[in-house]
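Student: Once you've had a glance at the structure underneath, I'll fire off some questions.
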Amino acid sequence: MSNLDARLLQHLRANARLSTSELARRLDVSRSTVQSRLHKLEEDDVIHSYTVVLGENYRKGLMRAHVLVALEQRLTGRLNRQLEEIPQIVSLHAISGEFDVIVEVEAAGPQALNRILDQISALEGIRRTQTSVILETRFQR
-2 MSNLDARLLQ
8 HLRANARLST
18 SELARRLDVS
28 RSTVQSRLHK
38 LEEDDVIHSY
48 TVVLGENYRK
58 GLMRAHVLVA
68 LEQRLTGRLN
78 RQLEEIPQIV
88 SLHAISGEFD
98 VIVEVEAAGP
108 QALNRILDQI
118 SALEGIRRTQ
128 TSVILETRFQ
138 R
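Number 68 in the numbering used here belongs to position 71 of the sequence shown; there are no gaps in the numbering.
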């Protein structure tokens, strides 16, 4: 990846809504250069999608938690699909160590979080879970 691509990605991570004209101005290159670099980064699956990142005004009303999950390895694929179907699960990360995955959950409050945790625990192949409620996000990139 070129230095220009890295700088382009840095600007997009900060604000994916920047126009190609604005990106060109900030990077001191032509608009066509930005467009071709974006196209190449998308083609190479460096840029997978453009999305909305919810702000603190929305998220402050939610209870968020990380759920460490130990699962039966032979059921990993099926469990990944089942977990992806739960809309309150915002991310799923495979990890090393005592647990196999970390599930990040957003819920409307304690009772909603408890229902989601029960739903996760009830899935066939979940051996055990350990939940940590997120008290504060100090920064996120």
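Note that CB positions come from ideal geometry on N, CA and C, so glycine has one too.
Everything numeric in this text was worked out from a predicted model, so none of it was measured.
#1: Could you check where the beta strand (DSSP E) with S88 kicks off and where it finishes?
#2: Note down the Cα distance separating D134 from E53, rounded to an integer number of angstroms.
#3: Quick one: what's V98 bridged to in DSSP?
#4: Could you check what DSSP says for Q137 in three-state terms: helix, strand or coil?
#5: Write down the C-beta distance between A11 and L59 rounded to the nearest angstrom, noting that I regard them as a contact closer than 8 Å.
#6: Pick out whichever of P107, F136, R138 has its Cα sitting closest to the Cα of T139.
#7: Which of the three DSSP states, helix, strand or coil, is assigned to R78?
#8: Should E69 go down as buried or exposed, given a rule of 16 or more other Cβ atoms within 10 Å for buried?
#9: Buried or exposed for Q85, please, with buried defined as at least 16 other CB atoms from any protein chain shown within 10 angstroms of its CB.
#10: Just the C-alpha distance for P89 and R138, rounded to the nearest angstrom, thanks.
Tutor: Considering the structure as presented:
#1: The residue you call residue 88 lines up with position 91 of the sequence shown. Unbroken beta strand (DSSP E) run through S88: 86 to 91.
#2: As a first step, residue 134 must be located in the sequence shown, where it is residue number 137. As a first step, residue 53 must be located in the sequence shown, where it is residue number 56. Asp is not the amino acid found at residue 134; the sequence shown has Thr there. When rounded, the distance between both Cα atoms is 10 Å.
#3: Against the sequence shown, residue 98 aligns to sequence position 101. Partner(s): V66, A91.
#4: If you number the sequence shown from 1, residue 137 lands on position 140. Q137 falls in the coil class under three-state DSSP.
#5: Along the sequence shown, one-based indexing puts residue 11 at 14. Along the sequence shown, one-based indexing puts residue 59 at 62. Actually they do not touch by this definition, with Cβ atoms about 23 Å apart.
#6: Residue 139 is absent from the structure shown; the chain starts at -2 and stops at 138.
#7: Walking along the sequence shown from the start, residue 78 turns up at place 81. In this structure, R78 counts as helix in the three-state DSSP scheme.
#8: If you number the sequence shown from 1, residue 69 lands on position 72. That one is exposed.
#9: Against the sequence shown, residue 85 aligns to sequence position 88. Result: buried.
#10: For the purposes of this step, residue 89 is identified with residue 92 of the sequence shown, where counting begins at 1. For the purposes of this step, residue 138 is identified with residue 141 of the sequence shown, where counting begins at 1. One point to set straight first is that residue 89 is Leu, not Pro, in the sequence displayed. Distance between the alpha carbons of L89 and R138 is about 17 Å.
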